[in-house]
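So the sequence lines, in the order shown, correspond to chains A and B.
Mapping to numbering that gives the first Met the number 0: the first sequence position 862 is 861, numbers consecutive.
Mapping to numbering that gives the first Met the number 0: the second sequence position 559 is 558, numbers consecutive.
2 protein chains.
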Amino acid sequence: MSKSYVYGFDQSPEPAQGSPRSLLGGKGANLAEMTRLGLPVPPGFTVSTPTCLAYLENEAAWPQGAKEQVLDALERLASTLGKRLGDAESPLLVSVRSGAAVSMPGMMDTVLNLGLNDQTVEAMAKATGNRRFAFDSYRRFLQMYSDVVLGLDRDRLEDLLEQAKEREGVFLDSELSVDALEKLVGTYKLFIQETTGSPFPTDPLEQLWAAIEAVFSSWHNRRAIDYRNAHDIPHDLGTAVNIQAMVFGNMGEDSATGVAFTRDPSTGDRRFFGEWLRNAQGEDVVAGIRTPQPINNDCSVLEGDETLEEGMPGPYADLVRVYENLERHYRDMQDIEFTIESGVLWMLQTRTGKRTPRAEVKIAVDMVEEGLIDSREAVRRVSTVSVEKLLHPQLDPSAPRNVIARGLGASPGAATGTLTFHADDAVDRAGRGEAVILVRRETSPEDIHGMLKAQGILTARGGMTSHAAVVARGLSKPCIVGAGELAIDPDACTLTVGGLTLSQGDTVTLDGGDGTVMLGDIPTIQPETRPEVEVLMSWVDDIRRLGVWTNADTARDCKVARDFGAEGIGLCRTEHMFFDEGRILAVREMILSEDEEGRRGALAKLLPMQKGDFKAIFEVMETLPVTIRLLDPPLHEFLPQSDDEVRSLARDLGVDYEALAARNHLLEEVNPMLGHRGCRLGLTYPEIYEMQVRAIVEAAAEVRREQGFMVQPKIMIPLVSHERELSLLRQIVENTIERVLSGYEGVELEVAIGTMIELPRACITAGAIAEHADFFSFGTNDLTQTTFGISRDDGAKFLPLYADLGVLGVDPFIAMDDGVADLVAMASERGRAARPGLNLGICGEHGGEPSSVERCHRMGLDYVSCSPFRVPVARLAAAHAVLNEEAS
Amino acid sequence: MSKSYVYGFDQSPEPAQGSPRSLLGGKGANLAEMTRLGLPVPPGFTVSTPTCLAYLENEAAWPQGAKEQVLDALERLASTLGKRLGDAESPLLVSVRSGAAVSMPGMMDTVLNLGLNDQTVEAMAKATGNRRFAFDSYRRFLQMYSDVVLGLDRDRLEDLLEQAKEREGVFLDSELSVDALEKLVGTYKLFIQETTGSPFPTDPLEQLWAAIEAVFSSWHNRRAIDYRNAHDIPHDLGTAVNIQAMVFGNMGEDSATGVAFTRDPSTGDRRFFGEWLRNAQGEDVVAGIRTPQPINNDCSVLEGDETLEEGMPGPYADLVRVYENLERHYRDMQDIEFTIESGVLWMLQTRTGKRTPRAEVKIAVDMVEEGLIDSREAVRRVSTVSVEKLLHPQLDPSAPRNVIARGLGASPGAATGTLTFHADDAVDRAGRGEAVILVRRETSPEDIHGMLKAQGILTARGGMTSHAAVVARGLSKPCIVGAGELAIDPDACTLTVGGLTLSQGDTVTLDGGDGTVMLGDIPTIQPETRPEVEVLMSWVDDIRRLGVWTNADTARDCKVARDFGAEGIGLCRTEHMFFDEGRILAVREMILSEDEEGRRGALAKLLPMQKGDFKAIFEVMETLPVTIRLLDPPLHEFLPQSDDEVRSLARDLGVDYEALAARNHLLEEVNPMLGHRGCRLGLTYPEIYEMQVRAIVEAAAEVRREQGFMVQPKIMIPLVSHERELSLLRQIVENTIERVLSGYEGVELEVAIGTMIELPRACITAGAIAEHADFFSFGTNDLTQTTFGISRDDGAKFLPLYADLGVLGVDPFIAMDDGVADLVAMASERGRAARPGLNLGICGEHGGEPSSVERCHRMGLDYVSCSPFRVPVARLAAAHAVLNEEAS
C-alpha cells in the first residue's frame, strides 16, 4: 500500500502513523476530533506533517503521489458539497491553514477564500445574492494571498484599502461600497502584476498549490524560528496544512465570526468568555482592526456593546452546547474559533487555550474539584514558570500613581521600563541591559523578537484575543492592549496622550492586571497568595521527594522562606552580617590586626552580634535544620577600596595610614575567586572560625533552653578541596563546641558538621572528604566557575557571544551544566559509598531552577536550597521531577 | 615459641621476620652481614626495630620478655669475651648505637664506652696499663651519656673541657694529663648531680637500659622528624639498637680510628678514599674537632700529613682487603668506619656511601663496565635529583671572582645567598623568599632545618666526612667545610676574614666543587656534559616508553632542548613572541582597535614577524613535532599598566588618551585566570587565530619547500571547556590552512589540530571533545588551579601554611596531585574511547617532575613536555617509571 499523505477530517489515520497530533498537527487533529464528536465542522482534509518535511528536505519538491492524494481529497470534498474549485456556477472556496504539532499562535500563515477569481466571484455573488460580500471576500483573498503566498508588503495593500476608504469617506471596511470593493480588487491585481511582474493567478488549483507550499515554507521563516527558539520547540517537526471548505462570517448581518475561551484565560474563572464580530471574517477579530464585541454578559460589557447571546441567541445556544462538549472531551480549557454563516454555527478550530499563570493554577485546581482530572494531573499541568510569575511583584497599591492611559489588562503583572517603539530597538536596548516597554499600535508576528526582550507590551489597538494579548500571555509578560487614547508615532518614536508627549527612553509602568499605564517607576509589593495556589502546593508537597530548603541570611528572610514552604536553611552566609554598619569597623579591625591577639580582640566585639543574629534565626526556624556557613569571602572584600576611605578608616582605628594602606594592599589578590578564602582563612586564622562556632553554639543552646524546642544547627565549612582541610577544621570546630557546651549544663544539642562541595577536587575526592563530613552541600555557583574556568564576574565579556554561537545555549550559571552535573553525581556516589546515609543538598543558584532541581532529584540528593522567592518553584519542580520519572 | 626481640650479629633471623634491614636496621643488618662474611667485627647484638616500636607505642614500656632477651645476649657476649659488664676485674664496655632501616646519618644517637664507672675505670686502667686512656674514655662516656641519655646541654660539658685545657695550657684533647682528666671526670659528675638532681648512675646495667631507651625515644626528636620529612621517610619505622663490645682507637699510638669510602664520593673515581686519626675514638673524626689525616696518597695530601698507608701499613693492608671484599659483596660503593686497637683492625660499620650526583653517575656507569651490575640497575641507581643537580649552573669561569676564603669543597655546585648565622634565621629568611647561605663554625644535627632551607652551607671546621659535608651531599646542596681562616661570631652574626668583616645579609657565593668562598653574586654558566652521563642517558632512552618533548618558545630554546634530547615541542607559546620590543606596539594597536578592520590592520603587521619565528623553529626542529598554542592570555596582559605608560602609548598610536585609558580599563578583569582568554579570544576575534594559523602554515610550507624535510606542525587550541568551542575553531583553522596551502602548490603538509585539556569540564567531557581533536595536551598548571580552586599567583598566602599543617605535603604545582591525576586519567580514557589512538601528552610544569612523569607513564600518555633543562630528568624519570612498573 502506498504511503498516505492526506487525511480527510472524517478519516482516522492508522495508529502506526504515530499520534494524530504529530501526523496532522494540532489544528488538523482537533478538526478531525471535532468531526468525530459530531460537532459542526466544515468538511476538509489535512496534508500531513511528513509531507511538509519531505517537501522541505527534498528542495521544495512534493513527495511522489502526494499531489494526487490532494486532488482525490478535493474531489471527495467537491462531491460532498456539490461545489467544485473554480466552477463558474457553484465554486468551492477553501481556507488553507497551517497547523503544527505544537501550538504556535500567529506564527504560521493562513489563506482564506481560496478559489476566487474573476469568474467565481461572480458565481458567489449570484449564489449568495450578495455582491458586496463576494467582492469583499475577493479583496480579502487578494490581500492574504499577496502577503502569505507572494510575500508582498502587507502595509502597501493596507494603504490601498485606506485610500479607498478615504475616497469614500468611510471609517470601517464593512462600510465600503460594492463599487469601491470592485475597484479595489482591480487596484490590487494591478499592484500584484507591477510588483511581481506576473499577473495574479486565476487558476484556483494553481492558487492552492502555491498556498500549501507557502505554508510549508513558512515553517522556516524568521518569526517561526524565533518563536521555536523562545519556547524550546524543536525545529525538525514541520507543519501540517488544513484545507477546509469556507464558511462565511461576512455573508451579511446574520453571519458572524468569533473566538472564545471556555474559561477566563486571565483569571481562570469558570465562565465562557469570548469576542465576536458581526459580518466579518476570522482575521478581523484576531488582527484587532475592528474592536470586537463580548459574546455574553460574563464578559466585560461596555455601554453600547452587543453580546452574541443577545444578538444571535440561537447560534449562541449551539455554541454553549459545543463548548461544554469540548471541555468534557478534552478535560482542559479550550480556545475555539467559530463562524456563523447565515445563522448556522460552524466550528473552525479548538485547541488547548493559553492562559495566565493565575488561570493555569485556578483551572487545574477547579478541574480536580470538578472531577475532570486528578491532582497529579493538575500538578503536571502547572508550569514552574507560572508559579514563578505568580510570585512576581505587583504594584504597591498605596504608591501614588500617575495614570496616563487605560487599556485592556491582557496579561497580568507589573512591568516598568523605558519606552521603545520598534522591536529591533527593544532587542538592542534590552541587550544593553535596559528594561524596555515595547509600544506598538498593534503587534504582528514580526514583533516577536522584540516582545521576547521587553519587560512589557503596550498596544493602542486590539482586544483580549489580539496578537499582542495572546503572545504576551504565552510569554507571561505584562501586557495592555487597546489603549485607544494613545497616539503612537513610530517614526518620531513618540506617544502622545492627553497633551502629554513621551519619547523613546521615558519610563512608564504597566499594570497588566487592570490595564493602567502609569508615568515613571512605581514601587512593587509581593503578590497575595490565592487559595487555589495553596491547594495546588499541598498536592505538590504530597508528590515530591526532594526537600526544599532556602538560602537565607537573616531572620526576616527566614520568615519569608518559611511562609513560602521552606523546610530548612541550606545556606546561611555569615559574611553578609559582617557588612552591617555597626559591625564593619570591628570586622576591619580584625582583618587589619597584625597578630592573633589583635584579631581576638576585634572578634570578641563581633561575637555578641553574631550570636544575636543566630538566636533570631533559630527562633524563626524552630526545629528545622539551619545550615550556617563559616566565613568564606577573601578578607579584602571587607576593606575600603578608595584612598579616602582608607584614610578615614585609619583615623577610626587610630592607626597609621601608611601601614594600613600597605596591609590593605597586601590583601589584594590577582584572582580573588581562587585566593585566600573559605576554609583557607579558617586554617590561617582559626580564631575567626572559633568565634563563629562559639556564636552559633551559644545561640543554639540558649534558644534550646529558652524556647524548649530542639534546634538543628549545621555548621558548614566552605571551599574544601582536600580531606585534611576538613579533618583539621572539624577538630577545631568540635573542640569549640565541646568547650562552649560545657558552659550550658543540661542543654542537649546535636550539631552537624559538614562541608560545601564547590571545587572539582572536592567532587573527585568526595569519598575521603565524606569520612569527616556529616553532610555535603553542593555550591554549584563556584563549582560551575571552576569546572568551566569561567569567572562569573568576567564571563559577561563572552557568554553572550557563546549564546549567539550556540556554544552554550543555556547560561551554565542559570541551569546546571552537564559537566557540572557529572561532578555532582560523582561526588554524591563517592560520598555515599564512603558514608552511607550522607546527607546531600545543593545550595547554589541552581537550587531554584527547575531543570537543575530535576537533576538533583534524579541524582538522589536529599534537598535543594534556593532563595526564599524561588521556594515554591523548587517545590513544584521537585514534584514534576517525580511525575516525569514516573512517565519515563 | 616466644617472640624474638634480640639477635646476635652471628645469628640469622628467620625469614618470616621480614628483611634483615627492616628488622635490624641498616647498621645492624650490615654488622651481621660483615660478621657472616668473616670480617673482623667486634661481637655484639641488635635489639630489633619492632622492639622500639612496641616500646614507643606502649608508653615507654618494654614488651614482655624483651629485657630478658637483652640480658641473655649480654651473657653470651660476656662468655665469648670473658668480660662482664661492671666487673671490677675484667669489665665489658659496649657501644650503644641506633640504626634505622633507612640511613639517617647523624640523626639518631650513639653512646660509647658504656659500662664505665669509678670501679671499672680503674680495672680498665690496670688491664691496659694506660690510665690516661681509661680516664679519657670515662670522660667521653660521661659527656655522651649526659648529652644523649640525660639530655644535658652538650656545650656546657664542652666548656668544662675547654676550661680544663686552658688550665693546663694545651690545645688538643689528647694533650690533657691524666690528672686533668680525672679532675674533669669529677667535675662532670658534679655537674650531672647538680643539673639533674641525681647522681650519675654507677650501675652499668642501669646505664644500658637508659641508653637503649634514649635511642628508642630519639626516633621522635625534632631533628629526626625534620630529616624524615625532608627525605619522605615514613615516621612509623622505628629504629633498632646495636650493642657492641667496645674496641678502642684511643688506646695509644698504635691505635686509631677512621672512616673511608670505597670510591671517591665526590667524583666517583675508583680510588679508596678516607680519613683517620691516631689515638682517637670515632666521633673525633666525624665531629670535625680534630682535623683528620688522609688514609692514602689517593687522597689530597698536604704538607705534614701522615697517611694510614704509611703510618700503619699492616692494618692498612687489612683494610684494603676488607673494602674490596665489601664492594664485591654489596656491588656498590661503601662508606665504612673502622678502628685499629693496638694494631688490630676492627670494622664498626659499612653502609652504602652517600655521593655527589657526579659520583653517582660515574660509579653506576663504571660498575656496569666492571661487570658488577647491569645497565638497568645502573639507571635505577641514578636519581633524577642527581641528574637535575648535574645540570645545575656552575660558576662562570670567566667571571671575576673576589675569593675571600678557601675550604674543602664538600658538595659541589654553586650557591649564592645572603649570610645567616643560625639555622632558625635561615628558615625565617628563606621563608620570606631570600636565598641564604648558612654559616656555622661546624654544623650539628640541630642545624638540619636550617640546612634544608639554605642554598649552601659554609663551615669553619670539619673535614670531608664531617656532619656538614655528609648532610649537604645527601641534600645535594653546595657545601664548603673546614674554611679555617674564617672567624665566625654567631652572637654578633659576623664573619671576619683577612681584615674583612661581613654581617648577616651580606651576599657571598660558594663553589662547593673547589671550596672557594667569594664575595657577592657571581654569574653562572651551564655545566659541561661528562661522557658517563651520555652513556647512562643512552641506556635511559633504551628503557623508557614515554616520549620526552619540550616547552620552548624560541629557536634558541629549541636548540638547547634538542641538545638535551627533546623529541619534539609540546608547547610553543606564541604570546611570548608578542612581548618583543619591536612587536608590542602592533600587538597593542590590535588589542585597542575598536573594530575588526583595525585589528586586521595591526595583525597584518604581526604576521611576517610570527612567520619568521615559526620558520626558525621549524628549521631547528626539522622533522620533529612542533606544537604551537594559539594566543592564550587575557589581552589586558599586553597593555601598559601605569598611567604614564598609557599616555605614552596613546602618543605612539596617535589616539586619544581618555579613550585609550577607558578601553584599557574595560579589559581589566576581576579574575583574569578565569576570564576572557584562550579559545574565548579565538571565538571573539577569529582574525587573531586566523593570522596565527596563517603564520604557522606559511612558515611550515616554506621550510618544507626550502629544506626538503617534512615538518610536523601541530596547532593547539587553548582553554577549551566545551566541544563546540573546539568544533567551531577547528573549522576556522581548517579553512585557513586550506586557503594558505592553496598558495603553495605542490607542497605537501599535514597539520594536526588539537587542544589543551586544562579545565575540569574538558576532562569530564573529553569524549565529546576528542571527536574534534587530533591530540590532547594536558595543561596541568591551569588544571591544577581550577581543580583546586587555587590561583597560583595568590596561593603563596596559604600554601606554606598548608605544607606546615600537612594538608598539602607536596605543592600541587610542583608534583601532580591525586585529584588532578584522576581528571587526567578520566580524560585520557574518555578521549581514547571516543577516538582510539588519540595522541596524548602533558605540557604543564609537571612534565619534568619525576613523580608526575611516572604518573603519565602509568596513565599511558604518549609523551611529556617540559622546559629544556628538565628534559634529561624527564627522560630518566620515564625510564624509572618502566623499571618501577617491572618491579611492582
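Here a beta-carbon is modelled for each residue, glycine too, at the ideal position from N, C-alpha and C.
None of the values given here were measured: they were computed from a predicted structure.
Beta-carbon contacts of residue i that lie in its chain and below 7 Å, excluding the five residues immediately before and after
{"i": "B/L499", "result": "I403"}
{"i": "B/S901", "result": "There is simply no residue 901 of chain B to check, as chain B begins at 0 and stops at 887 in what is shown."}
{"i": "B/R153", "result": "D146"}
{"i": "B/D651", "result": "L584"}
Simplified DSSP assignment, three categories, for residue i
{"i": "A/F787", "result": "helix"}
{"i": "B/A698", "result": "helix"}
{"i": "A/M450", "result": "helix"}
{"i": "A/T651", "result": "Note on identity: in this sequence residue 651 of chain A is Asp, with Thr being the wrong assignment. Helix."}
{"i": "A/I294", "result": "coil"}
{"i": "A/M0", "result": "Here the model assigns A/M0 a pLDDT of 42, short of 50, so the residue's position is not dependable, and the following value carries that caveat. Reduced to three states, the DSSP call for A/M0 is coil."}
{"i": "A/G797", "result": "Before going on, a small fix: residue 797 of chain A reads as Phe here, not Gly. It is coil, neither helix nor strand."}
{"i": "B/Y6", "result": "strand"}
{"i": "B/D373", "result": "coil"}
{"i": "A/N734", "result": "helix"}
{"i": "B/K476", "result": "coil"}
Cutoff 6 Å; reference residue i; Cβ partners in own chain excluding five residues on either side
{"i": "B/P871", "result": "V386 and F563"}
{"i": "A/E359", "result": "V381 and S385"}
{"i": "A/A429", "result": "V435 and K452"}
{"i": "B/D773", "result": "A751, I752 and G753"}
{"i": "A/V852", "result": "V863, A873, A876 and A877"}
With 16 other Cβ atoms within 10 Å as the buried cut-off, status of residue i
{"i": "A/H856", "result": "buried"}
{"i": "B/P90", "result": "buried"}
{"i": "B/F578", "result": "exposed"}
{"i": "A/K26", "result": "buried"}
{"i": "B/H879", "result": "buried"}
{"i": "B/T195", "result": "exposed"}
Cβ separation of residue i and residue j, assumed to be a contact under 8 Å, to the nearest whole Å
{"i": "B/A565", "j": "B/P867", "result": "7 Å"}
{"i": "B/V746", "j": "B/V534", "result": "Not really, about 41 Å apart at Cβ, beyond 8 Å."}
{"i": "B/P62", "j": "B/A53", "result": "4 Å"}
{"i": "A/V319", "j": "A/L407", "result": "Rounded, the Cβ-Cβ distance is 24 Å, inconsistent with contact."}
{"i": "A/V169", "j": "A/L175", "result": "6 Å"}
Residues near residue i in its chain [Cβ-Cβ closer than 8 Å; skip 5 each side]
{"i": "B/M0", "result": "Here B/M0 scores only 42 on pLDDT, less than 50, and its place in the model should not be relied on; the value that follows carries that caveat. Taken in chain order, the list of residues that qualify is empty."}
{"i": "A/D810", "result": "L798 and A802"}
{"i": "A/D520", "result": "T415, T506 and T508"}
One or two residues paired with residue i in a DSSP bridge
{"i": "A/F774", "result": "A/N838"}
{"i": "B/Y862", "result": "B/G546 and B/G840"}
{"i": "A/V435", "result": "A/T417"}
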